[in-house]
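The structure appears below as structure tokens.
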Amino acid sequence: EKELIAKACEVTQNAKIACLLLPGIGLADDLREVNEMGVQVARIAVHCTEADITEQHIKVAKSLGMEAIGFLMMAHMNTPEGLLEQARLLESYGADTIYIADSAGALTTNGVRARVAELVGGINVPLGVYAHQNLQLAVANSIAAFEEGAKNLDGTSAGLGAGAGNCPTEILAAVCEKNGIISGVDPLALMDVA
Numbered sequence: 055e056k057e058l059i060a061k062a063c064e065v066t067q068n069a070k071i072a073c074l075l076l077p078g079i080g081l082a083d084d085l086r087e088v089n090e091m092g093v094q095v096a097r098i099a100v101h102c103t104e105a106d107i108t109e110q111h112i113k114v115a116k117s118l119g120m121e122a123i124g125f126l127m128m129a130h131m132n133t134p135e136g137l138l139e140q141a142r143l144l145e146s147y148g149a150d151t152i153y154i155a156d157s158a159g160a161l162t163t164n165g166v167r168a169r170v171a172e173l174v175g176g177i178n179v180p181l182g183v184y185a186h187q188n189l190q191l192a193v194a195n196s197i198a199a200f201e202e203g204a205k206n207l208d209g210t211s212a213g214l215g216a217g218a219g220n221c222p223t224e225i226l227a228a229v230c231e232k233n234g235i236i237s238g239v240d241p242l243a244l245m246d247v248a
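Numbering (our numbering), first residue to last: 55 to 248.
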């Protein structure tokens, strides 16, 4: 795996390579090691009620010059107000961006709207959304999140991911285009990749 990370960093020209670290499984030394390989972004991922365990890792990432993203997983298991409290902790530790992840694909569009509106109004860093397909709402939920003020929408080629999969990037880009949302990517090129 380290060879793959190093190679990805070596050949990437237009993108930043990111890692996802779960505190307690991943260590601060792991961040240092991948940063030396060229990883520029650290997603520090925790359950949506446990932001307090991210402080060390966010601060280490920042000290290495990495972009630090606080990643609140299983967002359906916390209220909008509870997520805001957790997001404010991540921001206080130095997170450059905060994500809510519908890791179980359990949120409806109204649930996403409520959570995103609460966070966008209560934090001073960009918000991102990471949607799963369990209810086949990943694209609709991502568009709803954008409409409520989320700046970053995640997807994967052909929706590859755990469980029912993630938001399919090529479909998300096509729907963005149909809605006049400028994504900066070519849906047809993404379809070729998928």
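Every residue, glycine too, gets a C-beta built ideally from N, C-alpha and C.
- Taken through DSSP and simplified to helix, strand or coil, Asn233 comes out as coil.
- If the five residues before and after Ala185 are omitted, its C-beta is found closer than 6 Å to the C-beta atoms of Asp156, Ala192, Asn195, Ser196, Cys221, all from its own chain and listed in chain order.
- Two segments are said to touch when three or more pairs of C-beta atoms, one from each, lie closer than 8 Å; by this definition the segment 207-224 does not touch the segment 166-174.
- Secondary-structure assignment with DSSP links Thr210 through a beta bridge to Pro222.
- In this structure, DSSP gives Ile79 a state outside helix and strand, which the three-state scheme calls coil.
- Taken through DSSP and simplified to helix, strand or coil, Glu87 comes out as helix.
- Annotation: the segment 129-154 contains the following complete segments of the alpha helix (DSSP H) (minimum length 4 residues), in chain order: 134-147.
- Shown here, Ala160 sits in coil according to DSSP, grouped into three states, outside any helix or strand.
- Going by DSSP, Leu126 is part of the beta strand (DSSP E) stretching over 121-127.
- By the C-beta criterion, the segment 140-159 is judged not to be in contact with the segment 83-90, since fewer than 3 inter-stretch pairs fall below 8 Å.
- Proximity to Thr223 across Ala158, Met131, Pro241, Asn188 peaks at Pro241, based on C-alpha coordinates.
- Under the three-state reduction of DSSP, Gly92 is assigned to coil, being neither helix nor strand.
- When only Cα atoms are considered, Asp246 and Lys232 end up about 19 Å apart.
- In this model, Ile107 and Pro77 are separated by some 7 Å (Cα to Cα).
- Of the residues Val229, Glu55, Val114, the one whose Cα lies closest to the Cα of Glu201 is Val229.
- In the three-state reduction of the DSSP assignment, Val114 falls in the helix class.
- Per DSSP, Ala69 lies in no beta strand (DSSP E) segment and is marked neither H nor E.
- Annotated as proximal: Ala218 and Gly159, with beta-carbon spacing under 7 Å.
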